[in-house]
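The structure appears below as structure tokens.
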Amino acid sequence: MSASTLKIALVGNPNCGKTALFNQLTGGRQKVANYAGVTVERKEGRFTAPSGRVLQLLDLPGTYSFEANSPDEQITRDVCAGTYPGEAPPDLIVCVADATNLRLHLRFVLEVKRLGRPVVLALNMMDTARQRGIVIDVPQLQERLGLPVVETIAVKRGGAKALIERVDGEVPAAAPAQTDDAASRADLHAQVRELLAATVTMPRATAAIDDALDRWTLHPVFGLMILAVVMFLVFQAVYSLGKPMTDLIGDGFGWMGEQAATLMSAGPLQSLVTDGLFGGIGTVLGFLPEILVLFLFIIVLEESGYLPRAAFLLDRLMLSVGLTGRSFIPLLSSFACAIPGIMGTRSIQDPRDRLATILIAPLMTCSARLPVYALLIGAFIPTRRVFGVFNLQGVVLFALYLAGILGAMAVGWVMKHIRRDKSEHALLMELPSYRLPKVRDVAIGLYERGAIFMKRLTGVILGLTVLMWFISTFPSPPAGATGPAIEYSFAGYIGRALQYVFAPIGFNWQISLALIPAFAARETAVAALATVYLVGGEASGLGQALAGQISLASALSLLVWFAYAPQCMSTLAVIRRETDSWRNVAISFGYMFVLAYAASFVVYQVARALT
Amino acid sequence: MRLSELPKGSPAVVDGVDDAHAADPIAQRLRDLGFVDGEPVRVVAIGPMGGDPVLIQIGSTRFALRRAEAARVNVRIEVAA
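Chains as they are written, first to last, in my numbering: chain D, 6 to 616; chain S, 2 to 82.
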């Protein structure tokens with residue numbers, strides 16, 4: 006690292022607009038990793054100041070207080086104090102405070118100041134503050150605090166100019182470090198009051214628009230109705246926006262496979278390229294649009310401030326099944342993928358609430374299950390209108406999501422009653438002001454999450470697709486064989502061995518076979534089915550092939566299996582890492598296998614009796 | 002009076018936070034969030050199921066507290082002086 010690199014730590018209360026400011030400063034040049042040994046996200050970025058100096062920016066987890074209540078708050082405290090192992094103490098701390106909420110945020114500023122490190126205060130959201138008629142005497146505040154104060158508007162282009170100029174200049178002198186004890190902590194509030202009285206005039210404590218919106222969104226009846234409508238629209242959008250793009254990608258890869266085939270002579274290599282590579286990747290990659298649409302909604306809801314409202318409405322319900330309103334956000338993320346969802350449980354302070362949420366998160370229908378759902382629904386459920394408006398396929402998809410949620414509630418309720426520790430745990434959740442999500446912040450969030458999915462996709466799925474092609478192609482059928490070639494391959498043997506386990510729930514050997522790679526990553530089940538049904542065959546579509554080969558009862562049973570089945574290996578690995586316990590992995594795998602087998606058994610037997 | 006008993010919309014003032022047990026982290030966090038003597042508070046919304054949690058306006062911030070958490074906060078209704 007060159008001597009001119011300045012290490013800056015960005016800290017602040019949750020909802021101070023710190024991440025938007027970080028995005029504004031660093032643009033796309035960010036590196037997201039984990040702190041060594043723990044799973045708290047470490048976001049670092051760089052930018053070059055007008056002077057040519059390189060500034061290295063660390064976006065620390067938002068915290069209300071250095072009296073840390075959770076692992077991410079501990080990291081913020083330790084990095085700021087310079088005691089975090091492996092992390093150099095910051096040269097400068099930029100403390101971000103929401104100018105519209107200084108009563109809460111200034112207390113943390115004072116806490117940061119007491120560390121005895123150089124601090125710059127960024128008064129963020131100055132535009133909103135002005136709109137609301139809040140007047141802040143910045144020179145006076147600066148003098149009383151004894152540290153440089155700059156105004157920023159994180160969501161406006163050029164809104165960080167004053168901050169860049171300030172951090173590019175002389176590093177300010179540090180205030181003397183002060184001891185941290187109960188008496189001095191209590192004194193902080195008195196200091197905040199004095200500061201506010203001397204420097205801030207506020208015509209009104211809250212934004213009128215927040216009050217007006219909250220009257221509706223938090224209303225006992227209308228609030229729940231709005232929540233239900235929002236959730237339903239999200240899932241309809243996944244189907245109606247994502248699906249056409251998905252078809253386009255699928256057709257594109259099919260065409261590319263055919264083009265590649267014309268360049269090669271017939272044989273195992275040509276089969277590997279068209280069936281294994283292009284067929285497999287195309288089928289799975291095609292579901293990326295649906296995943297991105299879902300992520301888009303989750304990020305927009307999060308950025309707009311609606312998610313904590315939803316958590317408020319659902320807390321009592323969550324509590325009744327042994328969770329917390331805070332579980333709602335990780336659980337909603339689990340609809341995209343259980344892995345970010347489980348990692349998101351780090352914001353839940355109580356270890357017991359956190360573990361309960363982790364165990365339940367995989368029951369939320371993750372996006373990796375969408376390919377399987379989409380395939381089977383497309384093949385077996387007719388595109389009929391229900392009540393004149395809804396697509397029957399969309400309704401079935403909604404029912405599957407609902408099955409996951411109801412299953413999770415049942416599991417949560419059982420866990421709540423069998424666990425030993427029945428003590429109290431806190432909610433204590435801030436409901437931030439509503440905000441219009443900014444395109445850049447949504448885009449960066451979407452890109453980050455999409456990239457994580459793609460990394461998993463290319464590595465795991467490509468390897469497995471090729472492995473699947475191999476075991477379903479070799480050994481070649483003996484001379485004079487009459488059945489399809491795959492029946493004589495390794496895959497045929499494995500599938501036939503597994504079918505005895507799965508016959509009572511209606512799975513044939515091809516489906517049993519597809520469950521093997523599905524354990525590695527659920528979305529590969531589609532690629533595996535494509536391989537076992539299409540290798541050496543002339544089928545025009547996997548859906549049609551399936552509709553001809555398996556019964557409706559088996560298809561429904563498979564849908565239910567995927568709603569509850571033990572999650573993918575990556576999820577189990579994350580559970581192991583997040584809870585540091587193989588026991589939790591075993592509990593997780595075991596209960597889901599039993600649940601999935603039982604539910605599929607019932608569905609298969611009932612459906613078979615009825616059809 | 003406890004904050005959990007405060008009717009929706011009535012303005013009140015915080016009169017300290019009680020520890021529910023020794024070294025109560027929930028009480029400590031409430032103090033850090035600004036629930037300190039003399040701070041004006043108001044219940045702005047209640048949860049749809051059993052009136053739990055409650056939404057408390059303190060300063061410019063709104064916090065969702067479960068009833069058990071709100072019960073740690075003592076409040077008094079101040080007659081306008």
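Even for Gly, the Cβ is constructed at its ideal location relative to N, Cα and C.
If you're wondering where the values come from, they're calculated on a predicted model, not measured in any experiment.
Contact belief for residue i with residue j at Cβ below 8 Å, rounded distance in angstroms
{"i": "L30 (chain D)", "j": "A165 (chain D)", "result": "6 Å"}
{"i": "V154 (chain D)", "j": "Q147 (chain D)", "result": "4 Å"}
{"i": "V172 (chain D)", "j": "L277 (chain D)", "result": "Not a contact, Cβ separation roughly 54 Å."}
{"i": "G60 (chain S)", "j": "L109 (chain D)", "result": "6 Å"}
{"i": "G409 (chain D)", "j": "A568 (chain D)", "result": "5 Å"}
{"i": "R47 (chain D)", "j": "R34 (chain D)", "result": "At roughly 15 Å, the Cβ-Cβ gap does not stay under 8 Å, so R47 (chain D) and R34 (chain D) are not in contact."}
{"i": "G412 (chain D)", "j": "L368 (chain D)", "result": "5 Å"}
Residue i, enclosing alpha helix (DSSP H) - first and last residue
{"i": "C100 (chain D)", "result": "Counting along the chain, C100 (chain D) falls outside any alpha helix (DSSP H), though it belongs to the beta strand (DSSP E) covering L97 to D103."}
{"i": "V155 (chain D)", "result": "Looking at the DSSP string, V155 (chain D) is not in any alpha helix (DSSP H); the run it does join, the beta strand (DSSP E), is V154 to E156."}
{"i": "F64 (chain S)", "result": "First-last for F64 (chain S): T62 to L66, but that is the beta strand (DSSP E), not the alpha helix (DSSP H)."}
{"i": "A271 (chain D)", "result": "Unbroken run through A271 (chain D): none, as it is neither H nor E."}
{"i": "D355 (chain D)", "result": "Where D355 (chain D) is concerned, there is no enclosing alpha helix (DSSP H), given that its DSSP letter is neither H nor E."}
{"i": "A134 (chain D)", "result": "M131 to Q136"}
{"i": "L630 (chain D)", "result": "Since the first and last residues shown for chain D are 6 and 616, residue 630 (chain D) lies out of range."}
{"i": "V117 (chain D)", "result": "L107 to K118"}
{"i": "D426 (chain D)", "result": "Unbroken run through D426 (chain D): none, as it is neither H nor E."}
{"i": "R582 (chain D)", "result": "M574 to T584"}
{"i": "R321 (chain D)", "result": "Y311 to S325"}
{"i": "E78 (chain D)", "result": "P76 to A86"}
{"i": "P26 (chain S)", "result": "P26 to D33"}
Reduced DSSP secondary structure (H/G/I, E/B, other) of residue i
{"i": "T206 (chain D)", "result": "strand"}
{"i": "S545 (chain D)", "result": "Because S545 (chain D) carries a pLDDT of 48, less than 50, the predicted location of this residue cannot be relied on, and the following value inherits that uncertainty. Residue state, collapsed to three classes: coil."}
{"i": "T184 (chain D)", "result": "coil"}
{"i": "A496 (chain D)", "result": "helix"}
{"i": "S7 (chain D)", "result": "Caution is warranted here: a pLDDT of 47 is assigned to S7 (chain D), below 50, making its placement in the model unreliable, and the coordinate value is therefore given only provisionally. Here S7 (chain D) sits in coil by DSSP."}
{"i": "N589 (chain D)", "result": "helix"}
{"i": "V540 (chain D)", "result": "In this prediction, V540 (chain D) scores a pLDDT of 48, lower than 50, which makes its location untrustworthy; the coordinate-derived value is nonetheless stated afterwards. Three-state DSSP puts V540 (chain D) in coil, outside helix and strand."}
{"i": "P54 (chain S)", "result": "strand"}
{"i": "A21 (chain S)", "result": "coil"}
{"i": "R3 (chain S)", "result": "strand"}
{"i": "I382 (chain D)", "result": "helix"}
{"i": "I141 (chain D)", "result": "strand"}
{"i": "I555 (chain D)", "result": "coil"}
{"i": "V471 (chain D)", "result": "helix"}
{"i": "D38 (chain S)", "result": "coil"}
{"i": "R390 (chain D)", "result": "strand"}
{"i": "A523 (chain D)", "result": "helix"}
{"i": "L293 (chain D)", "result": "helix"}
Cβ-based neighbour list, residue i, same chain, cut-off 6 Å, excluding 5 preceding and 5 following
{"i": "E543 (chain D)", "result": "Because E543 (chain D) sits at a pLDDT of 43, beneath the cut-off of 50, its placement in the model cannot be relied upon, and the following sentence gives the value as read from the coordinates. Contacts found: none."}
{"i": "Q58 (chain S)", "result": "R43 and V45"}
{"i": "S545 (chain D)", "result": "The predicted model places S545 (chain D) with a pLDDT of 48, which falls under 50 and marks its position as unreliable, so this point remains unresolved."}
Partner residues on chain B for residue i, Cβ-Cβ distance less than 7 Å
{"i": "A46 (chain S)", "result": "Given the protein chain composition of this structure (D and S), no chain B is represented."}
Beta-carbon contacts of residue i that lie in its chain and below 7 Å, excluding the five residues immediately before and after
{"i": "G500 (chain D)", "result": "W514, Q515, S517 and L518"}
{"i": "D320 (chain D)", "result": "T329, G330 and L432"}
{"i": "V37 (chain S)", "result": "V15"}
{"i": "R445 (chain D)", "result": "N28"}
{"i": "A316 (chain D)", "result": "G330, R331, F333, I334 and M434"}
{"i": "A182 (chain D)", "result": "R119, L120 and G121"}
{"i": "L557 (chain D)", "result": "F385, A612 and T616"}
{"i": "L107 (chain D)", "result": "L201 and V205"}
Beta-carbon gap between residue i and residue j smaller than 8 Å
{"i": "G417 (chain D)", "j": "I344 (chain D)", "result": "no"}
{"i": "S605 (chain D)", "j": "I510 (chain D)", "result": "yes"}
{"i": "L451 (chain D)", "j": "L299 (chain D)", "result": "no"}
{"i": "V124 (chain D)", "j": "I158 (chain D)", "result": "no"}
{"i": "L564 (chain D)", "j": "L547 (chain D)", "result": "no"}
{"i": "D33 (chain S)", "j": "S75 (chain D)", "result": "no"}
{"i": "L318 (chain D)", "j": "L223 (chain D)", "result": "yes"}
{"i": "L337 (chain D)", "j": "I363 (chain D)", "result": "no"}
Boundaries (first-last residue) of the beta strand (DSSP E) holding residue i
{"i": "A14 (chain D)", "result": "L11 to G17"}
{"i": "K48 (chain D)", "result": "E46 to T53"}
{"i": "V42 (chain S)", "result": "P41 to M50"}
{"i": "V76 (chain S)", "result": "V74 to R77"}
{"i": "K166 (chain D)", "result": "First-last for K166 (chain D): K166 to D173, but that is the alpha helix (DSSP H), not the beta strand (DSSP E)."}
{"i": "N39 (chain D)", "result": "Q35 to N39"}
{"i": "L1 (chain D)", "result": "Because chain D here runs from 6 to 616, residue 1 (chain D) falls outside it and cannot be looked at."}
{"i": "D64 (chain D)", "result": "V59 to D64"}
Sequence-distant residues of its chain with Cβ nearer than 8 Å to residue i (five each side left out)
{"i": "L65 (chain D)", "result": "A14, L15, V16, I80, T81, V84 and C85"}
{"i": "P483 (chain D)", "result": "Y493"}
{"i": "E308 (chain D)", "result": "R440, P442, K443, D446, V447 and G450"}
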